[in-house]
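>
Number of protein chains: 2
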Amino acid sequence: MALEDYERPSVAADIVIFTIKNEKLKILLIKRGVEPFIDSWALPGGFIKMDEDLDDSAKRELKEETGVTPKYLEQLYTFGDVKRDPRGRVISITYFALIDYEKSQPKLNAKTDAKEAKWFSINDLPELAFDHKKILSYALKRLKWKFEYTAIAFTFLPEKFTFPQLRMLYEIVFSKKFDKRNFRKKILALNILQETNEKITKVSYRPPQLYKLKENISEIIELI
Amino acid sequence: MALEDYERPSVAADIVIFTIKNEKLKILLIKRGVEPFIDSWALPGGFIKMDEDLDDSAKRELKEETGVTPKYLEQLYTFGDVKRDPRGRVISITYFALIDYEKSQPKLNAKTDAKEAKWFSINDLPELAFDHKKILSYALKRLKWKFEYTAIAFTFLPEKFTFPQLRMLYEIVFSKKFDKRNFRKKILALNILQETNEKITKVSYRPPQLYKLKENISEIIELI
DNA sequence: CCAAAAGTGTTACAAGTACACCCATGA
DNA sequence: TCATGGGTGTACTTGTAACACTTTTGG
Numbered sequence: 001m002a003l004e005d006y007e008r009p010s011v012a013a014d015i016v017i018f019t020i021k022n023e024k025l026k027i028l029l030i031k032r033g034v035e036p037f038i039d040s041w042a043l044p045g046g047f048i049k050m051d052e053d054l055d056d057s058a059k060r061e062l063k064e065e066t067g068v069t070p071k072y073l074e075q076l077y078t079f080g081d082v083k084r085d086p087r088g089r090v091i092s093i094t095y096f097a098l099i100d101y102e103k104s105q106p107k108l109n110a111k112t113d114a115k116e117a118k119w120f121s122i123n124d125l126p127e128l129a130f131d132h133k134k135i136l137s138y139a140l141k142r143l144k145w146k147f148e149y150t151a152i153a154f155t156f157l158p159e160k161f162t163f164p165q166l167r168m169l170y171e172i173v174f175s176k177k178f179d180k181r182n183f184r185k186k187i188l189a190l191n192i193l194q195e196t197n198e199k200i201t202k203v204s205y206r207p208p209q210l211y212k213l214k215e216n217i218s219e220i221i222e223l224i
Numbered sequence: 225m226a227l228e229d230y231e232r233p234s235v236a237a238d239i240v241i242f243t244i245k246n247e248k249l250k251i252l253l254i255k256r257g258v259e260p261f262i263d264s265w266a267l268p269g270g271f272i273k274m275d276e277d278l279d280d281s282a283k284r285e286l287k288e289e290t291g292v293t294p295k296y297l298e299q300l301y302t303f304g305d306v307k308r309d310p311r312g313r314v315i316s317i318t319y320f321a322l323i324d325y326e327k328s329q330p331k332l333n334a335k336t337d338a339k340e341a342k343w344f345s346i347n348d349l350p351e352l353a354f355d356h357k358k359i360l361s362y363a364l365k366r367l368k369w370k371f372e373y374t375a376i377a378f379t380f381l382p383e384k385f386t387f388p389q390l391r392m393l394y395e396i397v398f399s400k401k402f403d404k405r406n407f408r409k410k411i412l413a414l415n416i417l418q419e420t421n422e423k424i425t426k427v428s429y430r431p432p433q434l435y436k437l438k439e440n441i442s443e444i445i446e447l448i
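As given, the protein sequences belong to chains A and B, one line each in that order.
Mind the numbering: the first sequence is residues 1 to 224 in this note's numbering, read in order.
Mind the numbering: the second sequence is residues 225 to 448 in this note's numbering, read in order.
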């Protein structure tokens, strides 16, 4: 049962990274510079190295290909159908990541196999390489689930944010409107927000109040 | 970017399979017949083959080592820390499986690397090989989650079952008592059960009624 | 003073929880 | 007739959903 007795598959990490910009839910894609699927859009990712843990690999690939560092990262699912990659057996450990929309400017690194890195609105996507469409659909389910049962929405927001901003996130993710009174009541009941005495300025209507997460809440977002 | 340019890790599938027997939650372990961790108890599993999909690999390993065919199987998580296996880089795609307690007699296959296969109560476990304790703890979380948000509990039961049986499952999984009136009300509200006109016999108290899942419900257990 | 979006409170309905007595059976 | 666990209904509490008017600001 020595490890050498077995033929080994290639193992890659691929990342679905979401942000929200201009009131749209977006994901970051790269344009492939190599075969197969050259010039197709695909999820950022690449082969894992033998001396790095899986999460580190996902972070590195994302950083190398797109210059982006996620605020939140978790493993999504492992796809490994025999024929998902025309080059041979490639198992893809996929990741689900989120980034603050203010910090989401991709910077392409020319040294990688990616020709281009670009945010695409989820409603206006190109054809994707490999089985990446399936992966994305899985990631979208996870995103909705996380919004419903955890406080992960805050990772899309800057330190200080308003209720209208937060509500907008939920409205985008679930593609429906939420009543602002009920929404506020529900969030406040979680008892994780702290009012600041600052307001948004330069809006030609009643300016919304800024809130922030209470101290020590940021780390327990998963637990709600 | 040819696949050959990358060193490849070994990839295994390991399975946490649960059953309920004698009012105890149990998992199936094998006693390792080879190094490393020879004579230690471990999750059943083994290296994936190049021509089989991941789920098939998990099913095959389970069958080969323990003779058991799961009623329910889903991917759990992929563990791949650099040093989780002393032999070298081994990534483990883990599975979560359930089996009807009436069909859960393991039959050891002598041709494998397992010396023995045995059900262990979750409250009375031996030391486990590798990082299998961590994997098990993850599987337990998933089990509770599935019980809470899906109708997966029925996979532990035979075709016809009683409310007391079903309630017992929940009490075992959550280690707490449920009020029998409220429990019944909640399950009936799901509208997935059909009363039969049969009862349990040979009990020295009022015999409980047998129920079964409505037609076409078995397949949508995930959706509740 | 107008336009725009923020902020606020009450009522109705549904879901969940707590709780105690009678029933059917085998021994 | 007794012991055992099964079966049932009601009141209370909590959470969710529906809904309309006043407030603050910049232009």
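Glycine included, every Cβ here is placed at the ideal spot set by N, Cα and C.
Spatial neighbours of Ile91/A within its chain, please: CB distance less than 6 Å, with the 5 preceding and 5 following residues excluded, ordered by chain position.
Here the set comprises Pro9, Val11, Gly80.
> Can you pull the chain A residues whose beta carbon is under 7 Å from the beta carbon of Ser234/B, in chain order?
Here the neighbours are Leu3, Tyr6, Arg8.
> Work out the CA separation of Ala97/A and Ile17/A for me, nearest whole Å.
So the alpha carbons of these two residues sit roughly 4 Å apart.
> Just mark Ser361/B as buried or exposed, buried being the case when its beta carbon has 16 or more other beta carbons within 10 Å.
Per the 10 Å Cβ criterion, exposed.
> So, do the segment 256-264 of chain B and the segment 338-352 of chain B have three or more beta carbon pairs nearer to each other than 8 Å?
At 8 Å Cβ cutoff, the stretches touch.
> Name, going along the chain, the residues of the segment 292-305 of chain B whose beta-carbon falls closer than 9 Å to a beta-carbon of chain A.
Listed by position, the residues of the segment 292-305 of chain B near chain A (Cβ gap below 9 Å) are Gln299, Tyr301, Thr302, Phe303, Gly304, Asp305.
> Looking at chain B, is there any beta carbon in it that lies within less than 9 Å of the beta carbon of Gly88/A?
At least one chain B Cβ lies under 9 Å of Gly88/A.
> Looking at the structure shown, is Gln209/A part of a helix, part of a strand, or coil, going by DSSP?
If DSSP states are grouped into helix, strand and coil, Gln209/A belongs with the strands.
> Which word fits Tyr429/B, buried or exposed, when buried means at least 16 other C-beta atoms lie within 10 angstroms of its C-beta?
Tyr429/B should be labelled exposed.
> Would you mind sorting Val292/B into buried or exposed? The rule is 16 or more other CB atoms within 10 Å of its CB.
Per the 10 Å Cβ criterion, buried.
> Quick test of your reading: Arg391/B and Phe402/B, contact by CB under 8 Å. State the CB separation rounded to the nearest angstrom.
The Cβ separation is near 6 Å, so the contact holds.
> Is Lys146/A buried or exposed, if buried means 16 or more other CB atoms sit within 10 Å of its CB?
Buried.
> Go ahead and pull the three-state DSSP assignment for Ser175/A.
Of the three classes helix, strand and coil, the one that applies to Ser175/A here is coil, per DSSP.
> Is the separation between the beta-carbon of Ala139/A and that of Ile192/A shorter than 9 Å?
No, the pair does not count as a contact, with Cβ atoms beyond the cut-off.
> Strictly under 9 Å for the Cβ-Cβ distance: is Asp53/A near chain B by that measure?
Judged by the 9 Å Cβ criterion, Asp53/A is in contact with chain B.
> Who are the neighbours of Phe271/B on chain A, taking C-beta pairs under 7 Å?
By Cβ distance, chain A contributes Tyr6.
> At 8 Å on the CB atoms, spell out the chain A contacts of Ile317/B, in chain order.
Near Ile317/B (Cβ distances below 8 Å), the residues of chain A are Thr78, Gly80, Ile91.
> Give me whichever residues DSSP pairs with Leu322/B in a beta bridge.
For Leu322/B, which the question treats as bridged, DSSP gives the partners Phe242/B, Tyr296/B.
> So, is the C-beta of Met168/A closer than 9 Å to a C-beta in chain B?
Not an interface residue.
> Given that a residue counts as buried once 16 or more other Cβ atoms are within 10 Å of its Cβ, and exposed if not, what is Tyr373/B?
Its Cβ having fewer than 16 others within 10 Å, Tyr373/B is exposed.
> Assign Arg256/B to one of three DSSP states: helix, strand, or coil.
Note: Arg256/B maps to strand in three-state DSSP.
> With 16 other CB atoms within 10 Å as the buried threshold, where does Pro164/A fall?
That one is exposed.
> Consult DSSP for Tyr230/B and reduce its assignment to one of helix, strand or coil.
Tyr230/B falls in the coil class under three-state DSSP.
> Can you say whether Gly88/A is buried or exposed, counting buried as having 16 or more other CB atoms within 10 angstroms of its CB?
Looking at its Cβ environment, which holds fewer than 16 other Cβ atoms inside 10 Å, Gly88/A is exposed.
> Please go through the same chain and pick out, in chain order, the residues whose beta-carbon is closer than 6 Å to the beta-carbon of Thr233/A, but skip the five residues on each side of it.
There is no way to answer for residue 233/A, as the model of chain A reaches only from 1 to 224.
> What separation, rounded to the nearest whole angstrom, lies between the Cα atoms of Ile122/A and Arg308/B?
Distance between the alpha carbons of Ile122/A and Arg308/B: 37 Å.
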